[in-house]
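Shown next, in structure tokens, is the structure this report addresses.
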Amino acid sequence: MAETRYQLVIGNKNYSSWSLRPWLLMKRFCLAFDEIMVNLRGPSRHEELVQNSPSGLVPALRDEGLVIWDSLSIAEYLAEAHSELPLWPEDHDAKAIARSVSAEMHSRFFHLRNEMAMDFARIRPARDVSDGVAADIRRVIEIWRLCREKYGSGGEFLFGGFTIADAMYAPVVSRFRTYDVKLSDYGDDGTAAQYAKDLFEMPEIGEWGAASAKEISHQEG
Ligand SMILES: N[C@@H](CCC(=O)N[C@@H](CS)C(=O)NCC(=O)O)C(=O)O
Numbered sequence: 039m040a041e042t043r044y045q046l047v048i049g050n051k052n053y054s055s056w057s058l059r060p061w062l063l064m065k066r067f068c069l070a071f072d073e074i075m076v077n078l079r080g081p082s083r084h085e086e087l088v089q090n091s092p093s094g095l096v097p098a099l100r101d102e103g104l105v106i107w108d109s110l111s112i113a114e115y116l117a118e119a120h121s122e123l124p125l126w127p128e129d130h131d132a133k134a135i136a137r138s139v140s141a142e143m144h145s146r147f148f149h150l151r152n153e154m155a156m157d158f159a160r161i162r163p164a165r166d167v168s169d170g171v172a173a174d175i176r177r178v179i180e181i182w183r184l185c186r187e188k189y190g191s192g193g194e195f196l197f198g199g200f201t202i203a204d205a206m207y208a209p210v211v212s213r214f215r216t217y218d219v220k221l222s223d224y225g226d227d228g229t230a231a232q233y234a235k236d237l238f239e240m241p242e243i244g245e246w247g248a249a250s251a252k253e254i255s256h257q258e259g
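For the sequence shown, the positions run 39 to 259 when our numbering is used.
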């Protein structure tokens, strides 16, 4: 049987945090796909979004005639379509917690998302953060620590091996790096900083970062 080849509709790599999530997941698990890029800062952005995604938002995944939208439902769709791959942790309890922390990322952290927009390839000077952002950072640290300590012994990721939960938190790692967030100022005992470092060293993250840098150099050039 021929291998499934998906099409993933994404936004600009430097800015589109939601797009990074399924892209990283698919790269990591070697799921074949073509990228369709919508320039979220281009003049025909609205038309392109509506044409490519029922919600008018990216990411969206095309599997033959089927279009699936929203990062978490794309991840769930892929986990079901490739049940032979450990997109979620295999252990019953770990899987339930991985789903909880992924859903929490998907539905919360508004302060962090709004006040520290992803700007993947840039490093910005550290600045004062609002109480809301500080609370979000503390909660992220708490989640990473819980996962690493309770479920992470088999590897360097939240549940040991890389899963959907790591893909969901990858843009947060990028934000911490861009805005020079010192995790130890927010109660990290080193666990969260180490996790962030390990995730950022993934070759797939390097690939996304190189493409992000190229995008912004074209904008600035
Ligand atoms: N809940 C959605 C959020 C998707 C979203 O907000 N995507 C942004 C880009 S990161 C978007 O498409 N914005 C449209 C625009 O900029 O016009 C998901 O998880 O996929």
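Don't be surprised by glycine CBs; every beta carbon is placed ideally from N, CA and C. Only a predicted model underlies this, so the values are computations on that prediction, with no experimental measurement involved.
Approximately 4 Å separates the beta-carbon atoms of Ala159 and Ser250; this is inside 8 Å, confirming the contact.
Every beta strand (DSSP E) of 3 residues or more that sits fully in the segment 99-174 is shown, in chain order, as 104-107. The DSSP-derived three-state label of Gly198 is strand.
Going by DSSP, Tyr44 is part of the beta strand (DSSP E) stretching over Tyr44 to Ile48. Counted as a single uninterrupted DSSP element, the beta strand (DSSP E) harbouring Glu73 occupies residues Phe71 to Met75. Around the CB of Phe147, 16 or more other CB atoms lie within 10 Å, so the residue is classed as buried. Annotation for Asp72: Gln45 place their beta carbon closer than 6 Å to its own, counting only its chain and skipping 5 residues before and after. Between ligand 1 and Val47, a heavy atom-to-CB distance of less than 6 Å is absent. Listed in chain order, the non-local C-beta contacts of Glu86 below 8 Å within the same chain comprise Val76, Asn77 and Gly80, local neighbours out to five positions each way being set aside. For Ser57, the secondary structure class from DSSP, reduced to helix, strand or coil, is helix. Contact annotation: Ala132 and Tyr189 have beta-carbon atoms nearer than 7 Å.
Contact annotation: Asp174 and His149 have beta-carbon atoms nearer than 7 Å.
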